[in-house]
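> My structure is below; once you've seen it, I'll send some questions.
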Amino acid sequence: MKPFDFVQPRSARDAVAQWGPDAAYLGGGTNLVDLMKTGALQPARVIDVTRLPGLDRIEVAADGAVRIGALVRNADLARDADFAVRAPMVAEALLAGASGQLRNAATLGGNLMQHTRCPYFMEPDAACNRRAPGTGCDAIGGAWDNAAILGHAPSCIATNPSDLCVPLAALDAVVEVEGPDGARDIALEELHRLPGDAPERETTLAPGELIVALRLPAEAAAFAGHARYLKVRERTSYAFALVSAAAAMRLEGGRIAEARLALGAVAAKPWRARTAEKMLAGQPPGPDLFARAAEAALAGAAPAEGNGWKIDLARRTAARALAAAAAGTPERMPALPASPFSLSEDLSHA
Amino acid sequence: MPDTLTRFGSNSGQPTTRRDGIAKVTGQATFAADNHPEGMLHAVYVPAGIARGRVAHLEVEAARAHPGVTHVITPGNRPDLPGDPDAKPTRFSFRIEVLQDDTVRYAGQPIALVLAETLEAATEGARLLAPRYEAEPPRTGLDDNAPFAVEEPGFGAPGDTVHGDPEAGHAAAATSIDATYDTPPQYHNAMESHAVVAQWDGDRLTLDTPSQALAMSCAAYAHLFGIEAADITLRSPYLGGGFGSKAIPNGPMVLAILAAREAGRPVKLSLTRRQMFGPVGHRGATRQRLRLGCDADGRLTVIDHETLAATSTFETFLESASNASQGLYASSAIRSAHQGVRLDVGTPGPMRAPGEASGSAALECAMDELAQAAGIDPLEFRLRNYAETEPGTGKPYSSKALRECYARGAEAFGWADRPARPGTMRSTDGKLVGWGMGTAFFPSPMFAAEARATLRADGSATLETGGADMGQGAWTALAQIAADGIGLPLDRVELRSGLSTLPDGGVAGGSGHTATAGGALHSAGGDVVRQLSELASGQPDSPLFGAGNATFEARGGRLQIAGDDGRGDAFADILARAGLSELTGSGSASRPDADSRDYAMNSHGAVFAEVAVDPDLGQIRVRRLVGAFAAGRIVNPRLAESQLMGGMIWGLSFALHEAAVHDPRSGRILNADLAEYRVPVNADVQGLEVITVEEDDPHVNALGIKGVGEIGITGTVGAIANAVWHATGTRVRRFPIGLADLLAAE
């Protein structure tokens, strides 16, 4: 691989100060290092942030909000019993991602920043506006059928592959960043960008800004009793989603007081379905309602590269996730988290 | 001369754990890429980024200037190779790409090689070459080029075979089906990627490289490098999987060896996972049309199997899929035909059950479709078409316990409760459930091997043959056979293998290694026993003195009169009396031509599958696989069952997961990694049961061993596809079957 500078700052301020052109922050390395090996990414400087102090904690504030340091490993967050009680669908999404080995290495901050799995982005010889602005998009007219169905553009049809971001978007999570101009908060839903005419700007972070923590607001715990993540894929484990959905609701007196719904692997960002959420509010739960809400969630969807089946699949997945959430969060994490093959079985024990 | 009894039993037949298991799990087993000789350079090659065209420019100076880079080898300065890489001196030779010119024939083809002091420097040197191309549109799909006639689709496989009158068979059919099945390109993905550490000492060459065929590989390297095979030492103690891809030398390995000669230093080349997709073989795509007919009683009147299969633009090997329809089901007419298509892809090669896997996939689906059309249970349909002798030739089978496989498998699975109509079974959690089955079938070839046995004065022995342990357990199974052959307990026998300077252990391929190398080892041990018999019967102090006309047998380090446990003599005592410090024997094994002429020899099995399909989402999960197999004598039940399970999991992989996807513009494989080139993970494999059915085969070889390495894939692919149909009512004829196929069908 291309030679690069490697620095290990000991404070967030120092890390930000080390930033420069073609720099990259390194967390668990499960995505960046792979892309460096293939040559898709060739940073001139790698800033290893894993030694920054204090960013590996999960803290619960007096009001019930949870603050998770950017260096908390996926496996540690997923297996934190207190966290799983407050945000079960986040834990389920984490456990549905990657493999045990990868979850042990991957960090929260790195997960939020992971790149698309579009094979044309990962192949340095391919034209890709996201990786190399202005070169074009080989995915259009290519052979990748897991492309976006929402929010894509002629410049780019990539998707964001994160499982974790889907329930986080649904639960109004907030990202804390530090940068050259100081600290600020960004709503997770606003972190990732749709491609538009600048797909190379994958996030709204300014150059040098570093994610230091994630906050889950206190209200998130109110959904804990009815919250599920559902991930559809050809392989039962160790595969990125074709479509996923995070669904959660508060039930009061047999009606849905408030609902949350977000879809994954359908767009360049986790796709919050606010119209569907509004349709659900105030209604008694039921299959017809969920079907209509799912329909609304996919309003405006358009196939890219012959993947119209994904639109249909996304509707069905959203409806199923809503039904599963309505049925209640299982007492125990299913043996196959987020899989359609453990959803119903485990619900019968719930 | 005394007669000696071939004994087989006290060591063989035991579920001995792997003798190399502890070495492997503790990291002590040395694989090829673990070697780091003094002064070694690292080689990294540049894979072509296009599939068709030529390399117009390489930034050679930039690569050369990179610190640590010592050599940049391109077609312009590639050192001479004494042997012609385009020649095919033997039927197992493939034309290989070793920088003959600037032509690009497939994506991933080596177009330059960089040597450097470190792997990092070599990698960066290769990147700095920044090739520019003159590209032409790649042809990577079966429709992208005109078909051509094929004479020999695989090694020695016939292209077209006709038995009986297919037209009459079609005309006589009361029920017919005409269905076309597509199978995709698939790539071997052994955990250990191809690697070589090459060291030259004058014209003597030492290679650490995984090999399924040590002697054959040495002969091929000797031809290419203009040296004697005897001057090559090839060390291949362990392979991290081979699956057919490590039997024949390939371009990258040859380039690395050539570079080592040029550099005058040892060179290591280890392929990355992405580089495994191209120059080291694969299973080419097929499109198979099956036209089957049966009479009113459900008896086949015709099997008409046509295959269109992909090969490269410069070689001929392809999937001889249609030949899977020869030799299995009784039919008054059977026709197998092949056509090839030349594509801009690496040359396909033997990949676990080459031809049989893809052929069986289509045949077993077609049989299911015809059974359904005729209104007959799929298992009953196969029983009605059970072949008592080989169809077409009329040869007797050397043994065939397929009927028992059907019975035992069906019983264990509960097949009798299967409803005929599809889409009628549901699990308690609302999934669509389906049951399907398929027949497993694989030939039992045998190659030629030699072995040596040395019995020492202390009664221990060393048995030697240049065999190959690909992870299947040869170190253990061959030792068990060797111990039986020489009549010693397993712990008194040292097996030496995996080294080319030993007697030729033959090829670990075609599921024939245990029979072949095992046969040679057993025979070498038998030679020692014969010599002991002669010695003992002539030693006045031996209890066996004068028993020259008796039949001897060797057991537990003693020579005895067969059937008389009381009269015997210890090996060590016989050697001591004779004043010998050791006794050496030699042996060999191969199949007499007459046996091949007189008998059809195959392993058989029956595989039953249960799948669950999510009715809304289309996601598929295999809940149960039950396979019953008859494969002659089972040397080690633990290892044999493990191999059969591995084959069945591969069948699952074929049915639902594996496919290489080519980019239509560049011809590159888009999913050349283990994240996106899907093979099953643990969570995809639920119930998995293997039953081995006893089979005594007096003809297949002296030891009665067939093979278990490949048969598990056959039958399983069709069983799963048929179960998906039974669950959903949707017949998917394109592999791998995915959820989009089932969503689209609704």
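Which chain is which? The protein sequence lines are A and B, in order. Numbering-wise, the numbering used here puts 3 at position 3 of the first sequence, and it's gapless, one number per residue. Basically the numbering used here = 1-based index in the second sequence + 350. Cβ coordinates follow ideal geometry from the N, Cα and C atoms, glycine included.
1) Taking just the CA atoms, how far does B:His407 sit from A:Ala325?
2) Kindly indicate which three-state DSSP category A:Arg316 falls into: helix, strand or coil?
3) Give the residues of chain A in contact with B:Leu1002, contact being defined as C-beta atoms less than 9 angstroms apart.
4) Would you say A:Tyr229 faces chain B, with C-beta separation under 8 angstroms as the test?
5) Pick helix, strand or coil for B:Ala978, following the three-state DSSP scheme.
6) Less than 8 angstroms between the C-beta atoms of B:Gly918 and B:Ile924, yes or no?
7) Please return the same chain residues whose Cβ sits closer than 7 angstroms to the Cβ of B:Ser777, not counting the five positions on each side in sequence.
8) Could you check whether the Cβ of B:Arg477 sits closer than 8 angstroms to any Cβ belonging to chain A?
9) Please report the residue range of the beta strand (DSSP E) in which B:Trp785 lies.
10) Are B:Glu447 and B:Pro629 close, meaning C-beta to C-beta below 8 angstroms?
11) For A:His349, which three-state DSSP category applies?
12) Return the CA-CA distance between B:Gly643 and B:Pro435, expressed in angstroms with no decimal places.
13) Does the beta-carbon distance from B:Met787 to B:Pro728 come in below 8 angstroms?
14) Output the distance between the C-alpha atoms of B:Gly634 and B:Gly937, rounded to the nearest integer angstrom.
15) Buried or exposed for A:Ala12, going by 16 or more other Cβ atoms inside 10 Å?
16) In whole angstroms, what is the alpha-carbon distance linking A:Val232 and A:Arg316?
17) Quick one: what does DSSP say B:Phe902 is sitting in, helix, strand or coil?
18) Mapping DSSP to helix, strand and coil, what is B:Ala923?
19) What is the rounded straight-line gap between the Cα of A:Ala301 and the Cα of A:Ile149?
20) Taking 8 angstroms as the threshold (beta carbon to beta carbon), is A:Ile125 in contact with chain B?
21) Are there 16 or more other CB atoms within 10 angstroms of the CB of A:Ala206, so buried, or fewer, so exposed?
22) Nearest to A:Leu289 by alpha carbon, out of A:Pro154, A:Ala321, A:Leu112?
23) Per DSSP, what are the beta-bridge partners of A:Ala381 in this structure?
24) With a floor of 3 residues, list each beta strand (DSSP E) that falls wholly inside the stretch 353 to 414 of chain B, ordered by position along the chain.
25) Return helix, strand or coil for A:His152, following the three-state DSSP convention.
26) Within 10 Å of its beta-carbon, does B:Glu474 have 16 or more other beta-carbons around it, so buried, or fewer, so exposed?
27) Report the neighbours of B:Leu1020 on chain A: residues whose CB is nearer than 7 angstroms to its CB, in chain order.
28) Between the alpha carbons of B:Asp1046 and B:Lys1056, how many angstroms are there, rounded?
29) Is the number of C-beta pairs between the stretch 526 to 536 of chain B and the stretch 410 to 419 of chain B that are closer than 8 angstroms three or more?
30) Under three-state DSSP, which class holds A:Ser344?
31) Using 8 angstroms as the limit for Cβ to Cβ distance, is B:Asp1013 near chain A?
32) Could you tell me which uninterrupted beta strand (DSSP E) segments, each at least 3 residues in length, are contained entirely in the stretch 1024 to 1050 of chain B, listed from first to last along the chain?
33) Please list the residues of the stretch 266 to 286 of chain A that have a C-beta atom closer than 8 angstroms to any C-beta atom in chain B, keeping them in chain order.
34) Need the endpoints of the alpha helix (DSSP H) that B:Arg753 sits in, please.
35) For chain A, find out if any of its Cβ atoms is closer than 8 angstroms to the Cβ of B:Glu1026; answer yes or no.
36) Examine chain B for any beta-carbon lying closer than 8 angstroms to the beta-carbon of A:Glu345, and answer yes or no.
Inspection of the coordinates gives the following:
1) Between the alpha carbons of A:Ala325 and B:His407 lies a gap of roughly 59 angstroms.
2) helix
3) Neighbours of B:Leu1002 on chain A: none; closest Cβ ~11 angstroms, over 9 angstroms.
4) no
5) Reduced to three states, the DSSP call for B:Ala978 is strand.
6) no
7) Val783, Ala962
8) B:Arg477 counts as touching chain A.
9) 782 to 793
10) yes
11) Residue placement at A:His349 cannot be trusted, given a pLDDT of 31 that sits under 50; what the coordinates show is reported in the next sentence. Looking at A:His349 - three-state DSSP - the assignment turns out to be coil, as it is neither helix nor strand.
12) In this structure, the CA atom of B:Gly643 is about 47 angstroms from the CA atom of B:Pro435.
13) Yes, the pair counts as a contact, with Cβ atoms nearer than the cut-off.
14) 38 angstroms
15) buried
16) 10 angstroms
17) strand
18) In the sequence as displayed, the identity of residue 923 of chain B is Asp instead of Ala. Helix at B:Asp923.
19) 5 angstroms
20) Here residue 125 of chain A turns out to be Asp, not Ile, going by the sequence shown. For A:Asp125, the answer is yes, since a Cβ of chain B falls inside 8 angstroms of its Cβ.
21) exposed
22) A:Ala321
23) The displayed coordinates of chain A run from 1 to 350. Any statement about residue 381 of chain A would go beyond what the structure contains.
24) Listed in chain order, the complete beta strand (DSSP E) runs (minimum 3 residues) inside the stretch 353 to 414 of chain B are 391 to 397, 403 to 407.
25) coil
26) buried
27) Pro119, Ala143, Trp144
28) Whole-angstrom Cα-Cα distance: 10 angstroms.
29) no
30) Bear in mind that the predicted position of A:Ser344 carries a pLDDT of just 48, short of 50, making it unreliable; the figure below should be weighed with that in mind. Here A:Ser344 sits in helix by DSSP.
31) yes
32) 1037 to 1042
33) none
34) 752 to 763
35) yes
36) Low confidence applies here, because A:Glu345 scores a pLDDT of 44, under 50, leaving its location unreliable and the question unanswered by this model.
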